[in-house]
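**Q**
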Ligand code: IP8
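In my numbering, the protein residues as written are 9 to 268.
Below, the structure written as structure tokens:
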């Protein structure tokens, strides 16, 4: 059963100025959060690290592989994410959206999603609370930590909760067919996903990871949308099932009759 829920990730390049260390994009945060006031179904929000978490994790040489990292680095990266999260939470609070920050560390058990806790996020939305979680450096196993990206959190939460809508708000109009022409691909289905991995389409770093996570979500039979976070009206249109600019990765239709 798909839950009457929208899961949105605000990309780090939307909520921060990625090229300037520790710099919020206050205008973008304000516009996108305000637009969410018009959403009629429960929301769970995730945000990325942008020039907060990414800036410091690069400085301290941290990545998604669990390793023994500098304790100082772990503390600094985490604190930077808390301060970015605090700003987003305060913006939402001013608008009476009842945000509730959720440390991502509480949503995993080792490599796996901690389903019981993830289900609780959906329960919290029944009380008109908006759970907000974020990419972060997290404890994995004894002495080992790793970066848990907001993109991975999208997969962990989507596969457990199966939200009606799963949306990545990014800093461009969608997934480009070709970065030169900037032609946006409107629909990606299973077949084109395979082509995607074949030709190793020229999607770099961040975008590659997003597409990888989105394809995992689509394998669970869920459509995944990519939309320009600087154009919040498009995000609303997706939620309202209206046509708009962006990319959708179509959920795989199961031959055994997956409820969609
Ligand atoms: O921006 C990573 O989250 P992302 C957060 O979703 C950190 O990849 C701490 C680098």
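By construction, the Cβ of each residue, glycine as well, lies at the ideal position given by its N, Cα and C atoms.
For residue 157, verify whether its CB is less than 6 Å away from any heavy atom of the ligand IP8.
**A** Your numbering for residue 157 matches position 149 in the chain shown. Indeed, a heavy atom of the ligand IP8 lies less than 6 Å from the Cβ.
**Q** Taking all protein chains shown into account, do 16 or more other C-beta atoms lie within 10 angstroms of the C-beta of residue 166, making it buried, or fewer, making it exposed?
**A** Here residue 166 corresponds to residue number 158 of the chain shown, with the count starting at 1. The residue is buried, with at least 16 neighbouring Cβ atoms inside 10 Å.
**Q** Roughly how many angstroms lie between the CA atoms of residue 193 and residue 19, to the nearest whole one?
**A** Counted from its first residue, the chain shown places residue 193 at position 185. Counted from its first residue, the chain shown places residue 19 at position 11. The alpha-carbon atoms of residue 193 and residue 19 are separated by roughly 19 Å.
**Q** Would you call residue 159 buried or exposed, if buried means 16 or more other Cβ atoms sit within 10 Å of its Cβ?
**A** Residue numbering aside, residue 159 sits at position 151 when the chain shown is read from its first letter. That one is buried.
**Q** Looking only at its own chain, which residues have a Cβ that is under 6 Å from the Cβ of residue 210, when we skip the five neighbours before and after it?
**A** The count along the chain shown starts at 1 and reaches residue 210 at position 202. Legend: pLDDT at residue 210 = 38, less than 50; position of this residue unreliable, value from coordinates given subsequently. For residue 210, where only same-chain residues beyond five positions count, the Cβ hits under 6 Å are 187.
**Q** DSSP three-state label for residue 183, please.
**A** One-based indexing of the chain shown puts residue 183 at position 175. Coil at residue 183, not helix or strand.
**Q** Only counting the same chain, and skipping five residues up and downstream in sequence, which positions put a Cβ closer than 7 Å to that of residue 62?
**A** Residue 62 sits at position 54 when you count from the first residue of the chain shown. Taken in chain order, the residues that qualify are 20.
**Q** Please give me, in chain order, every unbroken run of the alpha helix (DSSP H) with length at least 4 that falls completely inside the stretch 127-178.
**A** Runs found: 158-169.
**Q** Rounded to a whole number of angstroms, what is the C-alpha to C-alpha distance between residue 56 and residue 262?
**A** Within the chain shown, the letter at position 48 stands for residue 56. Within the chain shown, the letter at position 254 stands for residue 262. Rounded to whole angstroms, residue 56 to residue 262 spans 31 Å at the Cα level.
**Q** Apart from the five residues on each side of it in sequence, which residues of its chain come closer than 8 Å, Cβ to Cβ, to residue 254?
**A** Within the chain shown, numbered from 1, the residue matching residue 254 stands at position 246. Hits under 8 Å: 181, 182, 192, 194, 233, 234, 235, 236, 242, 246.
**Q** Counting Cβ pairs closer than 8 Å, one from the stretch 108-118 and one from the stretch 136-154, do we hit at least three?
**A** In short, these stretches touch, since the Cβ pair count reaches three.
**Q** Any idea if residue 259 is buried or exposed, counting beta-carbon neighbours within 10 angstroms, 16 or more meaning buried?
**A** As a first step, residue 259 must be located in the chain shown, where it is residue number 251. Under this definition residue 259 is a buried residue.
**Q** So, do the stretch 41-54 and the stretch 162-178 have three or more beta carbon pairs nearer to each other than 8 Å?
**A** Touching, yes.
**Q** With a threshold of 6 Å, establish whether the CB of residue 291 neighbours any heavy atom of the ligand IP8.
**A** A query on residue 291 cannot be resolved here, the shown segment of the chain reaching from 9 to 268 and no further.
**Q** Less than 6 Å separating the Cβ of residue 71 from some heavy atom of the ligand IP8?
**A** Within the chain shown, numbered from 1, the residue matching residue 71 stands at position 63. Not under cutoff, so the answer is no.
**Q** Between the C-alpha atoms of residue 221 and residue 45, what's the straight-line distance to the nearest angstrom?
**A** In the chain shown, counting from the first residue as 1, residue 221 sits at position 213. In the chain shown, counting from the first residue as 1, residue 45 sits at position 37. Using only the alpha carbons, I get a separation of about 27 Å.
**Q** Using the Cα positions of residue 33 and residue 197, report the straight-line distance between them to the nearest angstrom.
**A** Residue numbering aside, residue 33 sits at position 25 when the chain shown is read from its first letter. Residue numbering aside, residue 197 sits at position 189 when the chain shown is read from its first letter. Roughly 33 Å between the two C-alpha positions.
**Q** Considering residue 23, what are the terminal residues of the alpha helix (DSSP H) in which it resides?
**A** As a position in the chain shown, residue 23 is number 15, starting the count at 1. Unbroken alpha helix (DSSP H) run through residue 23: 20-23.
**Q** Less than 7 Å between the beta carbons of residue 79 and residue 60, yes or no?
**A** Your numbering for residue 79 matches position 71 in the chain shown. Your numbering for residue 60 matches position 52 in the chain shown. Their beta carbons are not under 7 Å apart, which means residue 79 does not touch residue 60 by this criterion.
**Q** When the distance is taken between beta carbons, is residue 154 closer than 7 Å to residue 148?
**A** Taking the first residue of the chain shown as 1, we reach residue 148 at position 140. Taking the first residue of the chain shown as 1, we reach residue 154 at position 146. Yes.
**Q** Among the candidates 27, 66, 150, whose CA atom is the shortest distance from the CA of residue 76?
**A** For the purposes of this step, residue 76 is identified with residue 68 of the chain shown, where counting begins at 1. With distances taken between Cα atoms, residue 76 lies closest to 150.
**Q** Verify the contact flag: residue 89, CB atom, against every heavy atom of the ligand IP8, threshold strictly below 6 Å.
**A** Start at 1 with the first residue of the chain shown, and residue 89 comes out as number 81. Yes, the Cβ of residue 89 comes within 6 Å of a heavy atom of the ligand IP8.
**Q** If you follow the alpha helix (DSSP H) that residue 44 is part of, which residue opens it and which one closes it?
**A** Numbered from 1 along the chain shown, position 36 holds the residue referred to as residue 44. Taken as a continuous stretch (DSSP letters only), the alpha helix (DSSP H) holding residue 44 covers 34-44.
**Q** Can the beta-carbon of residue 108 be found less than 7 Å from the beta-carbon of residue 90?
**A** Position 100 of the chain shown, counted from the first residue, corresponds to residue 108. Position 82 of the chain shown, counted from the first residue, corresponds to residue 90. No, the Cβ-Cβ distance between residue 108 and residue 90 is not below 7 Å.
**Q** Go ahead and label residue 12 buried or exposed: buried means 16 or more other beta carbons lie within 10 angstroms of its beta carbon, across all protein chains shown.
**A** Translated into positions along the chain shown, residue 12 becomes position 4. Label assigned to residue 12: exposed.
**Q** Would you say the beta carbon of residue 12 comes nearer than 6 Å to a heavy atom of the ligand IP8?
**A** Locating residue 12 in the chain shown gives position 4, counting from the first residue. False, no ligand heavy atom lies under 6 Å from that Cβ.
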